[in-house]
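Structure first, commentary second.
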Ligand code: ADE
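Numbering (the working numbering), first residue to last: 1 to 242.
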């Protein structure tokens, strides 16, 4: 396996991923805008197979949970040496461990990490990762929401995608990202396209009126209603914000 040393002077934003199932990647990250910009070198995906490193050291990648219980835990003495190889002194990228126990990742986090040099992500499978990994390297425990996935690979792909799409040049030209969901504290308004009429369903008249002032007002109202209905937590936060 090739181990990539990250050269901060020259390298694009880089996600290094430690996983026991490297075949999952690039997956969804290899298609559309993310995939094209990956090929064009606007960002890098640097995948490390945990099992391969374990084999070299004649270790198993996982062990049974101390204290008993179901499943298997990824070993610290396998994961930490891989981090030592990947992360040079000059490499300031944060290390994340994907786990449902973590702090929930949001759009503000995506903005923050997309403006840095990249991320190093450790993906759990089985029952999780030895806590000494987190404690030794000061890793951030990151969740993508209140559900349990079968692997951290899916969660890592999500985190990487949300960062990569904010890198300059990755998405097609856009007037402004201000109106996207979360950007102004509200969810985005509903969108419509052709055909104008589909069965009984018409595009709201106002969107075809050409009256930009009215369209703007309608969109704000829809944003507010959607946020109130779908995310009362966000709505309360929005009200408190000014
Ligand atoms: N691994 C399993 N479930 C997860 C979640 N909700 N977030 C991040 N990693 C996970």
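C-beta: ideal position from N, C-alpha, C; glycine also.
> How is the beta strand (DSSP E) around residue 103 delimited, first residue to last?
Replying inline: If you number the chain shown from 1, residue 103 lands on position 103. Taken as a continuous stretch (DSSP letters only), the beta strand (DSSP E) holding residue 103 covers 95-104.
>> Could you tell me the alpha carbon to alpha carbon distance between residue 54 and residue 109, rounded to whole angstroms?
In response: For the purposes of this step, residue 54 is taken as the residue at position 54 of the chain shown. For the purposes of this step, residue 109 is taken as the residue at position 109 of the chain shown. Computed Cα separation, rounded: 32 Å.
> Using a Cβ-Cβ cut-off of 6 Å (strictly less than) and excluding sequence neighbours within five positions of residue 148, which residues of its own chain qualify?
Replying inline: Here residue 148 refers to the residue found at position 148 of the chain shown. 100.
> Regarding residue 133 and ligand 1, is the C-beta to nearest heavy atom distance less than 7 Å?
Replying inline: The residue you call residue 133 lines up with position 133 of the chain shown. Not so, every heavy atom of ligand 1 lies at least 7 Å from the Cβ.
>> Determine whether the beta carbon atoms of residue 231 and residue 166 lie at a separation below 8 Å.
In response: The count along the chain shown starts at 1 and reaches residue 231 at position 231. The count along the chain shown starts at 1 and reaches residue 166 at position 166. Not closer than 8 Å, so no.
>> Below 8 Å on the Cβ atoms is my contact criterion, and I expect residue 44 with residue 11 to pass it. Report the Cβ-Cβ distance as a whole number of Å.
In response: Numbered from 1 along the chain shown, position 44 holds the residue referred to as residue 44. Numbered from 1 along the chain shown, position 11 holds the residue referred to as residue 11. Correct: roughly 7 Å between the Cβ atoms.
> If residue 96 and residue 56 are in contact, beta carbons under 8 Å, what's the gap, nearest whole angstrom?
Replying inline: Within the chain shown, the letter at position 96 stands for residue 96. Within the chain shown, the letter at position 56 stands for residue 56. Actually they do not touch by this definition, with Cβ atoms about 24 Å apart.
> Apart from the five residues just before and just after residue 152, which ones in its own chain have a Cβ nearer than 8 Å to its Cβ?
Replying inline: Translated into positions along the chain shown, residue 152 becomes position 152. Result list for residue 152: 19, 97, 98, 99, 121, 122, 123, 124 and 125, in chain order.
> Would you say residue 76 and residue 130 are within 8 Å of each other, going by their C-beta atoms?
Replying inline: On the chain shown, position 76 is the one that residue 76 refers to. On the chain shown, position 130 is the one that residue 130 refers to. Taking 8 Å as the Cβ cut-off, residue 76 and residue 130 qualify as a contacting pair.
> Can you tell me whether DSSP reads residue 15 as helix, strand or coil?
Replying inline: In the chain shown, counting from the first residue as 1, residue 15 sits at position 15. Looking at residue 15 - three-state DSSP - the assignment turns out to be strand.
> In terms of residue numbering, what span does the alpha helix (DSSP H) encompassing residue 164 cover?
Replying inline: As a position in the chain shown, residue 164 is number 164, starting the count at 1. Where residue 164 is concerned, the enclosing alpha helix (DSSP H) stretches over 152-164.
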